[in-house]
Amino acid sequence: MEQNRKHITGIILAGGKSSRMGTDKGLLKFKKFSFIEHIIMAMKPLVNHLVIISDNPRYDEFGIERVEDIIKGKGPLAGLYTGLNYSKTDLNLVLSCDVPLVKSELLTTLIQKKYSNADIVQFKTGNHTFPLIATYRKNCEKTCIRLLEKGEKRLMALQKYHKTFSIEISDKFKPQIINVNTPDELKTIDHEPYN
75 MEQNRKHITG IILAGGKSSR MGTDKGLLKF KKFSFIEHII MAMKPLVNHL
125 VIISDNPRYD EFGIERVEDI IKGKGPLAGL YTGLNYSKTD LNLVLSCDVP
175 LVKSELLTTL IQKKYSNADI VQFKTGNHTF PLIATYRKNC EKTCIRLLEK
225 GEKRLMALQK YHKTFSIEIS DKFKPQIINV NTPDELKTID HEPYN
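In this note's numbering, each residue carries its 1-based index in the sequence shown increased by 74.
So this is what it looks like as structure tokens:
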């Protein structure tokens with residue numbers, strides 16, 4: 075059973091430099107829609123409110139509130155901090171903008187009530203975890219700022235301080251968590267099943 079969507083904020087992290095791609099990844103097109111539109115479509119049925127964390131005003135065209143990073147240039151941890159600072163809900167569904175194959179069905183797994191005692195719920199395949207497709211409780215906000223003040227940028231650093239549950243992802247859903255960082259990776263997702 076999933077948690078009530080009115081108590082969930084959707085946070086899309088779109089503030090990365092995209093240096094390997096050479097352009098803003100969230101604005102790239104895939105199957106007629108931009109990456110960010112695919113993310114919005116996957117998240118919208120599961121959350122009460124959506125916000126995009128980005129300094130790029132081009133994201134305003136998607137009709138979703140955009141919030142600029144409070145702390146600039148400090149990676150995904152700073153983006154998460156901004157999102158949690160903005161959020162009015164305890165539970166927050168967080169995705170990066172570079173996973174255009176993700177679907178609502180998969181994300182529903184993260185918000186099941188059986189994980190309600192965890193502060194962070196993320197996917198994993200073997201030893202590899204996906205902290206950019208995860209839920210974070212509002213109480214992670216204070217830890218984010220403490221870590222940022224120490225110079226930390228990685229989301230994984232939060233897991234030392236918060237109860238984290240990692241869900242092994244089945245082969246059926248693995249294509250949905252492919253993140254696209256380079257032009258070559260963009261070409262490969264054209265061959266992945268997408269429905």
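Each residue gets a CB set at the ideal place from its N, CA and C atoms; glycine is no exception. Quick caveat: nothing in here was measured; it's all calculated off a predicted structure.
Length of the line joining the Cα atoms of residue i and residue j
i, j, result
"residue 95", "residue 187", "In this predicted model, residue 95 has a pLDDT of only 42, less than 50, meaning its place in the structure is not dependable; the value taken from the coordinates is given anyway. So the two alpha carbons sit approximately 37 Å from each other."
"residue 138", "residue 224", "32 Å"
"residue 179", "residue 113", "13 Å"
"residue 221", "residue 122", "29 Å"
"residue 215", "residue 158", "6 Å"
"residue 93", "residue 238", "Since pLDDT at residue 93 reaches only 40, below the 50 mark, its modelled position is unreliable, and no value is offered."
"residue 231", "residue 144", "19 Å"
"residue 130", "residue 98", "9 Å"
"residue 136", "residue 105", "17 Å"
"residue 202", "residue 251", "12 Å"
"residue 192", "residue 233", "11 Å"
"residue 183", "residue 245", "15 Å"
Inter-residue CB distance, residue i and residue j (contact presumed, cutoff 8 Å)
i, j, result
"residue 165", "residue 82", "5 Å"
"residue 168", "residue 208", "6 Å"
"residue 127", "residue 153", "5 Å"
"residue 141", "residue 163", "Not really, about 15 Å apart at Cβ, beyond 8 Å."
"residue 87", "residue 171", "7 Å"
"residue 235", "residue 217", "5 Å"
"residue 117", "residue 84", "4 Å"
Residue j beta carbon less than 8 Å from that of residue i
i, j, result
"residue 194", "residue 210", "yes"
"residue 205", "residue 109", "no"
"residue 229", "residue 151", "yes"
"residue 243", "residue 212", "no"
"residue 248", "residue 148", "no"
Outcome for residue i when other beta-carbon atoms lying within 10 angstroms are tallied against a minimum of 16
i, result
"residue 100", "buried"
"residue 107", "exposed"
"residue 200", "exposed"
"residue 253", "buried"
"residue 161", "buried"
"residue 103", "exposed"
CB contact check: residue i to chain D, cutoff 8 Å
i, result
"residue 240", "Absent here is chain D; the protein component of the structure consists of one chain."
Q. Enumerated in chain order, which unbroken segments of the alpha helix (DSSP H) with a length of 4 residues or greater are wholly contained in the segment 169–236?
A. Listed in chain order, the complete alpha helix (DSSP H) runs (minimum 4 residues) inside the segment 169–236 are 178–184 and 214–223.
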